[in-house]
Structures are given as C-alpha cells and as structure tokens.
Amino acid sequence: MAITKSFMRYKNVPSAVISDGILPIPLWSVTQMLLAQTYHLPPIGSTAHKAIVATHDDTITLTGVLVGAERYAWKFALETMAEASKRGTALAAYSKGTLGGLILITSMTIRTDMQVQSLTFTASSAKRDALDVSLVMAHLPRPSLLGKLLDVASVGIGALADFGGS
875 MAITKSFMRY
885 KNVPSAVISD
895 GILPIPLWSV
905 TQMLLAQTYH
915 LPPIGSTAHK
925 AIVATHDDTI
935 TLTGVLVGAE
945 RYAWKFALET
955 MAEASKRGTA
965 LAAYSKGTLG
975 GLILITSMTI
985 RTDMQVQSLT
995 FTASSAKRDA
1005 LDVSLVMAHL
1015 PRPSLLGKLL
1025 DVASVGIGAL
1035 ADFGGS
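Listed below in structure tokens is the structure:
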C-alpha cells in the first residue's frame, strides 16, 4: 500500500494569520479572499454634524486549504477561535475591553475586532491530507483611530510583500 501525501505545499509565509491576541493560527494556502464593504447612506435631512458611528460594514471571506498532518489541529483551533470571537478573546481581556474580537492579518488588510460569522470545512477524495476551509468574518470595530492606523499599516505591508516577491 502506497503512502499518500498532499499535493499542497507550505509556503515560507502564511497567506493569512488569525489570532485572539495570544495564539496565532496561520492559513498557509488561502486560495481566495473577498473583502466586501457596504456603505450606509445618511438619512434624508440629517445635519452635517454626525455622531461617531460606523459608516460601513465589512465582511471578509477567506477560502483556503488546511494541509498536512496538522490539519485537524488547525481545524480545532479555528473552531475554538470562532467561538471566542463571540464570547470574548484574550485580547479583549488583556486590553480591558479596548480591543475585542479576533485579529486578521493579510497582505490586503489588517483588522482587529473581527467576529466569525460562518466556518465551513470540506474533505474530499480529490485532495489527500487536506481540508478545504471557508471562513466568513465580520468587522465590528469600536469607534477609534486604531482602525485607520491599521489600514495604513496594511498598505505598507502589502507594498513590502510585493517588493519581496519581485
């Protein structure tokens, strides 16, 4: 009987990292990432003075593959983080509620205050030693300057990633 191996290979740098502030979970083989932003229109007749409220809703969908012998450990860790994103994370406890939710780091964006909306795992005979994963996360930021600073930082990280790849 032949030993089968996955045809997927690990890269040197993960495509995405999800963390609760203490435990990082690398997603090595992200095959697709979708960032959807829905902007809110102001009510008709509203004044120019606005309270600090969210102007848009962001959702991020990651589709990828958990590969190798560690795939079930990564699956369990993602399930645990999905639950923690709803109940409270280590980051929220450490920052005394200033920051909450999960942290998502990719070359496209860096986001704090992420909550998992859905998590799907698929196993197939076509991919040995691999689990397909689909993860939908919602960005639920608290009003602050930190979110904008992280957006600016993600532009720099994306530029560094592009520079390092050429």
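Position 92 of the sequence shown, counted from 1, bears residue number 966 in this note's numbering, the numbering being contiguous throughout.
Where a beta carbon is used, it is the ideal one built from N, C-alpha and C, also for glycine.
Under the three-state DSSP convention, the category residue i falls into
i       : result
VAL1041 : In the structure as shown, the chain begins at 875 and stops at 1040. Residue 1041 is therefore absent and cannot be evaluated.
VAL887  : coil
ALA863  : The structure shown does not extend to residue 863, since the chain is modelled only from 875 through 1040, so no value can be given for it.
LEU1019 : coil
LEU908  : strand
Residue environment, residue i, which counts as buried when at least 16 other CB atoms sit within 10 Å
i      : result
PRO918 : Looking at the sequence itself, residue 918 is Ile, so the reference to Pro does not match. Per the 10 Å Cβ criterion, exposed.
ILE896 : exposed
THR996 : exposed
THR986 : buried
THR905 : exposed
LEU901 : buried
LEU952 : buried
THR994 : exposed
LEU978 : buried
First and last residue of the uninterrupted beta strand (DSSP E) at residue i
i       : result
MET988  : 984 to 996
VAL891  : 890 to 893
LEU1005 : 1004 to 1013
ILE979  : 976 to 980
ILE899  : 898 to 901
Between the CA atoms of residue j and residue i - distance to the nearest angstrom
i       : j       : result
VAL1007 : LYS970  : 32 Å
ARG945  : ALA966  : 27 Å
GLN989  : GLY975  : 6 Å
SER889  : THR937  : 11 Å
VAL1010 : VAL891  : 14 Å
MET907  : THR935  : 6 Å
SER959  : ASP894  : 8 Å
ASP931  : PRO1015 : 9 Å
MET866  : SER981  : With the chain running from 875 to 1040 in the structure shown, residue 866 is simply not present.
LEU940  : LEU909  : 21 Å
LYS1001 : LEU915  : 45 Å
ALA943  : LYS949  : 11 Å
GLY1030 : LEU1005 : 32 Å
SER903  : THR912  : 27 Å
ILE877  : LEU1023 : Confidence in ILE877 is poor, its pLDDT being 44 and thus under 50, which makes the residue's placement unreliable; the coordinate value appears in the next sentence. Straight-line Cα distance between these residues: approximately 49 Å.
Length-filtered (3 minimum) beta strand (DSSP E) runs lying within the region 928 to 974: 930 to 941
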